[in-house]
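Worksheet for the structure shown next.
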Amino acid sequence: MNETAAADGIAVTLSVAGGRVAEVAITARPASGVGRYAKGKPADEVARALPRIFGLCAMAQGAAVSAAIAAARGVALAPQQIAAQVGTVAAERLLELLRGTATVLAGPDLGGTAPALRALSAAVRSFDAMAPGDSAAPEAVLVEIERSLDALGLYAQCFDDAASYQRWAASDAPLAQLLRPLLANDAGFGALALDALSAADDPAIADELAQAGAAFAARPTLAGRLPETGALSRTRTHPLLVSRPATLHSRLLARLIEARQTPALLRGLAEGADSSELITATPLAPGIGFAAVECARGRLHHWIALDGHERIARLEILAPTEWNFHPEGPLARALVGAPAKDDADRRRIEHLIAAFDPCVGLAVQFAELADA
104 MNETAAADGI AVTLSVAGGR VAEVAITARP ASGVGRYAKG KPADEVARAL
154 PRIFGLCAMA QGAAVSAAIA AARGVALAPQ QIAAQVGTVA AERLLELLRG
204 TATVLAGPDL GGTAPALRAL SAAVRSFDAM APGDSAAPEA VLVEIERSLD
254 ALGLYAQCFD DAASYQRWAA SDAPLAQLLR PLLANDAGFG ALALDALSAA
304 DDPAIADELA QAGAAFAARP TLAGRLPETG ALSRTRTHPL LVSRPATLHS
354 RLLARLIEAR QTPALLRGLA EGADSSELIT ATPLAPGIGF AAVECARGRL
404 HHWIALDGHE RIARLEILAP TEWNFHPEGP LARALVGAPA KDDADRRRIE
454 HLIAAFDPCV GLAVQFAELA DA
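Sequential numbering of the sequence shown, starting at 104, is according to our numbering.
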């Protein structure tokens, strides 16, 4: 993880003194340029293009821009279109959560999880390709998704309560085996009081994007708050997580819990359950719309203004990475004071950074303060 960050990536530099992290510096990634690309283009053209522009969470980006455009027009999306969008977002989130978690635990080779993740990826692609309103196909695809989860060892009820979890953690399930060494080393590593970004923050975020635009999106803050977003923020009331601090263990467990919940979520969506926990859209004024989508890495926001010719006058995007990798945000707070005496400590630090799962390239460097 110490390679040079990609051109659009993030660099995390940790200054070490006395065997502990004394300072954390997180670089800002360059602006994506999507707002400049979109300006002046027909809104529907931009909605079609965005999923092709973004390599990660493409369906979430497409759903966010479509919902924001509809809100700017003052219209509601058709129920079938909403159902299709929330289904693809949830399925994409499932794959990203598990692939990212396996990478944290096993490295790029994914340990023994690669075959099951390939099967899961194929099932998710099938889900994405289904026609809106197809009520028979989802169940067949959901069966394939559950088979993949079973192959990873995420069987039904494994996270229902503490006893079920303890049995799972001691089992030979592939993901349990990968998680066990981490827990044996330090289950409380990276402990932090959780300040969760939520839907209640959306009005303030919409106001900030309207007023400050890209400057706010690059370094967001809410009245001095620098909240965390992602799977742990969404599952914080789960019985296995509600009394735990926000640690490396908690963040990885939250990802697995949310992944295991996804088939039930998808079935509920197919049966007409409320989709607002995944996608919300709000008309702010004539020609101005705002949308939020809960994707794998956290809550994604789009703010859009249309001109009088159905073209994009302004598009602002606030990605989850900007919250979690803010220079003074949750990752930085969790890292300050962390032990960094040896290679084992530094691997745990790299695991914690990866558990925040940035949507761009990442480089991690350690520097002794005496050498600075």
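Even for Gly, the Cβ is constructed at its ideal location relative to N, Cα and C.
Taking 8 Å as the upper bound for CB-CB distance, A170 and A394 are in contact here, some 4 Å apart. Assignment of P211 by DSSP, reduced to helix, strand and coil, places it in the coil class. The criterion of a C-beta distance shorter than 8 Å is satisfied by H404 and L312. Under DSSP, S118 takes part in a beta bridge, and its partners are E126, A470. Burial is judged here by how many other beta carbons sit within 10 angstroms of a residue's own beta carbon; D304 has at least 16 and is buried. The C-beta distance from T332 to W426 rounds to 5 Å, short enough to fall under 8 Å. In the same chain as L438, and ignoring 5 residues on each side of it, the C-beta atoms closer than 6 Å to its own belong to V124, V127, in chain order. If you check the CB distance, L213 and L223 do not come in under 8 Å.
Contact check between the region 364-376 and the region 151-167: fewer than three CB pairs, one atom from each, fall below 8 Å, which does not count as touching.
With respect to A466, G177 sits apart: the two C-beta atoms are not nearer than 8 Å. One thing to note: A187 has its Cβ no nearer than 8 Å to the Cβ of I382. For E199, the three-state secondary structure derived from DSSP is helix. Classified as buried, E397 has 16 or more neighbouring CB atoms from the shown chains inside 10 Å of its CB.
Residue pairing by DSSP places T383 opposite A395 in a beta bridge.
Relative to the Cα of F157, the nearest Cα in the group Y140, G327, G390, R337 belongs to Y140. For the pair A362 and L257, the CB atoms are nearer than the 8 Å cut-off. Beta-bridge partners assigned by DSSP to A388: I391. Burial check for L472: the Cβ neighbour count within 10 Å stays below 16, so the residue is exposed.
Contact annotation: L285 and H352 have beta-carbon atoms nearer than 8 Å.
Secondary structure at E242: helix, using DSSP grouped into helix, strand and coil. In the structure shown, the three-state DSSP call for E331 is strand. DSSP places A152 inside the alpha helix (DSSP H), whose first and last residues are 146-156. Runs of beta strand (DSSP E) with 3 or more residues, each lying fully within the region 269-294, are absent.
In this structure, P348 places its C-beta atom within 8 Å of the C-beta atom of L295. W271 and P277 have their alpha carbons spaced roughly 10 Å apart.
With contacts defined as CB atoms closer than 8 Å, A226 and T216 fail to qualify as a contacting pair. Scanning its chain for C-beta atoms nearer than 6 Å, with the 5 sequence neighbours on each side dropped, one finds around L455 the residues G293, L351, in chain order.
Under the three-state reduction of DSSP, A225 is assigned to helix.
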